[in-house]
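Have a look at the structure below before the remarks.
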């Protein structure tokens with residue numbers, strides 16, 4: 001599976017393998033620089049497994065649901081963390097309604113629920129609303 005990112009210069013789609021999502025690269029069409037992913041990536045269970053397994057940087061996962069008020073409040077903090085940690089970490093969003101198997105696998109009993117994965121293994125998990133600085137501190141401690 002490859003994530004598709006559009007070039008900021010020419011707009012052409014570029015396929016980026018999971019293990020290179022945190023890397024900078026070059027557009028295949030115009031050769032302009034492609035920045036590291038700087039936004040949360042909404043993933044399915046299959047995409048989740050590949051990205052967490054292949055990532056060379058820590059992965060922050062936000063387990064959430066559309067009906068969850070605190071999840072909506074956390075969303076800007078999750079997005080800010082993705083922007084601030086671009087190139088040093090990846091941020092994934094898992095909709096627990098669409099991927100209940102992941103919520104079950106990681107024993108998510110309350111949302112929002114955040115987890116840090118390093119080298120394919122979960123290193124930390126916490127439920128409840130937190131701010132971007134807290135998320136960045138979790139990632140920094142995993143680096």
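Numbering (my numbering), first residue to last: 1 to 143. Glycine included, C-beta positions come from ideal geometry on N, C-alpha and C.
Contact set for residue i: own chain, Cβ-Cβ below 8 Å, skip 5 residues either direction
i, result
"residue 6", "12, 13, 14"
"residue 110", "127, 128"
"residue 32", "7, 8, 9, 10, 26"
DSSP bridge partner residues for residue i (one or two, in chain order)
i, result
"residue 18", "The partner list for residue 18 (beta bridge, DSSP) is empty, contrary to what the question assumes."
"residue 38", "DSSP output for residue 38 lists no bridge partner at all."
"residue 63", "94, 113"
Status (buried if at least 16 other CB within 10 Å, exposed otherwise) for residue i
i, result
"residue 64", "buried"
"residue 74", "buried"
"residue 143", "exposed"
"residue 58", "buried"
"residue 93", "buried"
"residue 61", "buried"
Own chain residues within Cβ distance below 7 Å of residue i, not counting five before or after
i, result
"residue 20", "none"
Same chain, Cβ closer than 6 Å to residue i, neighbours up to 5 away in sequence not counted
i, result
"residue 30", "9, 10"
"residue 101", "45"
Check whether the stretch 94 to 109 touches the stretch 73 to 80, taking contact to mean three or more Cβ pairs, one atom from each stretch, closer than 8 Å. Output reads no: the stretch 73 to 80 does not touch the stretch 94 to 109.
If you scan the stretch 74 to 133 from start to end, which runs of the beta strand (DSSP E) of 3 or more residues do you find wholly inside it? Counting only runs of 3 or more, we get 90 to 95, 113 to 118, 121 to 127.
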